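Asker: Per the working numbering, residue 141 is the first one in the sequence shown, and the count goes up by one each step. C-beta: ideal position from N, C-alpha, C; glycine also. Nothing here was measured: the structure is a model prediction, and the numbers come from that model. Can you read through this structure? Questions will come right after.
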Amino acid sequence: MTSKTFWTEYFEDAYRDAAKKRREVLDRGLLLIAHPIREELLTANTITVSRNVARLLAVRDADGTIWRVDDEATRGKLSAPNISAVRATLRDIFAFTRTAHSLLAADWKQDPKLCDTYHVALPEDPAKNQDAARRAGYRPHGTPGEDAGNCAQCGRLLVWDGSGRRVNDEWGEYLCYAPRRADARSAVHVLAAPHTAQPQN
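Below, the structure is given as structure tokens:
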């Protein structure tokens with residue numbers, strides 16, 4: 141007869157896998173949200189959202205607030221279609237986050253005065269980040285599926301994706317989930333220069 145310990149571990153394995161997938165939904169959702177926002181607000185780096193109504197409340201950059209909902213001064217800086225696209229993604233994200241714990245674990249900052257309001261940093265664009273690496277002379281391009289080198293942040297071996305212009309890891313993941321250096325600034329894999337690439341264990 142199978143022991144309770146077996147079934148407990150069997151359940152916990154699935155629970156850990158689900159938690160990882162939930163984090164992936166959050167991280168990939170932010171990449172999807174960042175795209176329409178930066179089509180019109182190029183310098184955007186942080187957003188404020190309401191969880192209760194899945195609504196974008198504000199957008200900020202390094203200098204301060206550049207868009208706020210129902211604000212006449214910033215009205216029109218974000219088009220209605222892009223606002224709707226962001227809201228649709230927020231609805232999908234919050235459908236996977238029944239409690240605040242998973243949001244807080246993914247570095248969403250809860251507003252101390254409004255418990256349903258969160259401030260969250262937008263991730264960098266993988267294409268922009270990796271294009272900058274190529275301009276610095278790291279690697280101009282590659283053959284899809286070919287080894288590209290190591291991630292400058294986590295050391296994981298990377299391969300060129302189907303476009304031959306960007307890199308992902310062997311599981312096809314652009315996001316950098318492995319333990320990263322303390323000074324890592326990007327949420328996505330960054331191609332290391334050949335002379336700085338770390339050997340894989």
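Looking at C-alpha atoms only, which residue of 184, 236 and 153 is the closest neighbour of residue 166?
Answerer: 236
Asker: Does the Cβ-Cβ distance between residue 185 and residue 261 come in under 8 angstroms?
Answerer: yes
Asker: In chain order, which continuous runs of the beta strand (DSSP E) of length 3 or greater are located wholly inside the stretch 166-241?
Answerer: 186-190, 195-201 and 204-208
Asker: In angstroms with no decimal places, state the Cα-to-Cα distance between residue 264 and residue 153.
Answerer: 31 angstroms
Asker: Can you list, in chain order, the residues of its chain whose CB lies under 7 angstroms from that of residue 190, leaving out five sequence neighbours each side?
Answerer: 197, 256 and 257
Asker: Could you tell me whether the stretch 221-237 touches the stretch 168-175, where touching means 3 or more Cβ pairs closer than 8 angstroms?
Answerer: yes
Asker: With distances taken from CA atoms, which of 203, 176, 187 and 217 is nearest residue 259?
Answerer: 187
Asker: Since residue 364 is in the beta strand (DSSP E), which residue starts that stretch and which ends it?
Answerer: Outside the displayed span of the chain (141 to 341) sits residue 364, for which this structure offers no information.
Asker: Could you give the residue range of the beta strand (DSSP E) that holds residue 307?
Answerer: 307-309
Asker: Using the three-state DSSP reduction, which class does residue 154 fall into: helix, strand or coil?
Answerer: Helix at residue 154.
Asker: Ordered along the chain, which non-local residues of its own chain (more than five positions away) have a Cβ less than 7 angstroms from that of residue 299?
Answerer: 285, 286, 287, 288, 307, 308 and 310
Asker: Locate the beta strand (DSSP E) running through residue 300, then write down its first and last residues.
Answerer: 297-300
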